[in-house]
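In this note's numbering, the protein residues as written are 65 to 296. The C-beta atom is built at its ideal place from N, Cα and C for all residues, glycine as well.
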Amino acid sequence: MLKIAICDDDRIMQLRMQEYFMDFEKLFQVDVYKSGESLLASGEKYDFIFLDIDMKGISGIDTARILRRRDKKCKIIYVTGYDDFREYAFSVHAFAYLVKPVDKEKIQKVLREALAYTEEEKPEKKICFETETGLLEVDSRDIYYFEYQNRRLRMVTKAGDVWIRESISRMAQRMEGYGFLMPHKSFIVNLFHVRNSRGYDIYLTDGSVIPLSQKKSADFRRKLAAYLAEQI
C-alpha cells in the first residue's frame, strides 16, 4: 500500500486534507503530523508528503532538507499560504508547490500527476508485436488501448494506430502481466493511462473514452485499485 504523510500544524487543514484523500482510502495509508519534528522523529518512509512551510518549530523547508538526505525518491508537495518560498522549494526538489487555499480537485490532480511521474521513472517494458506491416517493438507505456474490429485488433499508441491479426482474448491474456485489463468484450485498456472512471465510462490520458461493461465493472475497479497500489 502506498503511504502519504500530511504535515501541517493547522488542525482544520489536517482534517480537510484527510477528507480529500478519502476517495483513495483503499490505495493509501495516510498519516498526519502537526510538526516537522514529529514527522522526522517517526522514521517512516513515505511515497508522497504534503508539507506546510510555516510551522511552529522547524520549518517545512528545513524538514524537507533532512528528509532528502534520507530519501531521494519521495515526492514532496508543498501546500502553503506563502507564495515567496518557491526558490527554496525547488532546492529540495519539491514535486509541486500549491498556495492555499487549495480544494479537493487541486489536491487529487497533483496526486495523480505524482503517481504518473513515479511510473514514468521505472525502466521501460518493451513488447514485440507481429503487426500487419511487420514486427514492431513498443514500450508498454506507449500503448493506450486495443480495440477489436472486424477480426483484427487496433492497437492505439502514442505514435499512431497499428493493426494486428490476433484474437482479443489471447491478447488480453498476454497483456495482463503488463498492467492491461479487458473492461469490455471489444477493448483492452492500459491501466497506466486510466485517468478515472465514472459510471460505465473509462477516461484515458489521451482523451479517449472506453466503455466499461456492467458485468465487468466491479472486477475492473477492484483490479484497477490493486494495480495503483502496486505501482511504487
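Residue i: first and last residue of the uninterrupted beta strand (DSSP E) it sits in
| i | result |
| --- | --- |
| THR127 | Run containing THR127: none in the beta strand (DSSP E); it sits in the alpha helix (DSSP H), 124–134. |
| GLY92 | Residue identity check: residue 92 is Phe in the sequence provided, not Gly. 92–97 is the extent of the beta strand (DSSP E) around PHE92. |
| MET219 | 216–221 |
| MET81 | Segment 75–84 is the alpha helix (DSSP H) holding MET81; no beta strand (DSSP E) there. |
| SER155 | Segment 150–155 is the alpha helix (DSSP H) holding SER155; no beta strand (DSSP E) there. |
| LEU115 | 112–115 |
Proximity to residue i [Cα-Cα], best of the options
| i | options | result |
| --- | --- | --- |
| TYR242 | GLY124, LEU255, ILE266, GLU101 | LEU255 |
| TYR84 | ALA105, TYR267, VAL166 | VAL166 |
| PHE89 | MET219, MET65, LEU131, THR197 | With the sequence shown as reference, residue 89 is identified as Glu, and Phe is not the correct amino acid for it. Looking at the Cα atoms, MET65 is the closest of the given residues. |
| LEU217 | ASP283, ILE70, GLU194 | GLU194 |
| LYS164 | GLU201, TYR146, ASP283 | TYR146 |
Limits of the alpha helix (DSSP H) - the one that residue i falls within
| i | result |
| --- | --- |
| ALA69 | That residue, ALA69, is in no alpha helix (DSSP H); its beta strand (DSSP E) goes 66–71. |
Separation of residue j from residue i, as counted between CA atoms
| i | j | result |
| --- | --- | --- |
| ARG134 | ILE140 | 13 Å |
| ARG259 | LEU268 | 5 Å |
| LEU115 | MET86 | 18 Å |
| ASP95 | ARG80 | 13 Å |
| ASP126 | SER261 | 39 Å |
| ASP148 | ARG205 | 37 Å |
| SER231 | ARG215 | 7 Å |
| ASP300 | HIS257 | Residue 300 lies beyond the stretch modelled for the chain, which goes from 65 to 296, so this question has no answer here. |
| GLU177 | GLU108 | 23 Å |
| ILE266 | GLN278 | 12 Å |
DSSP-derived helix/strand/coil call for residue i
| i | result |
| --- | --- |
| VAL166 | coil |
| MET235 | helix |
| ASP203 | strand |
| GLN278 | coil |
| PHE284 | helix |
| THR269 | coil |
| ASP118 | coil |
CB-CB length for residue i against residue j, believed under 8 Å
| i | j | result |
| --- | --- | --- |
| LEU91 | ALA289 | 6 Å |
| TYR212 | VAL253 | With a Cβ gap of about 13 Å, TYR212 and VAL253 do not count as contacting. |
| GLY124 | GLU101 | Contact flag wrong, Cβ pair sits at about 12 Å. |
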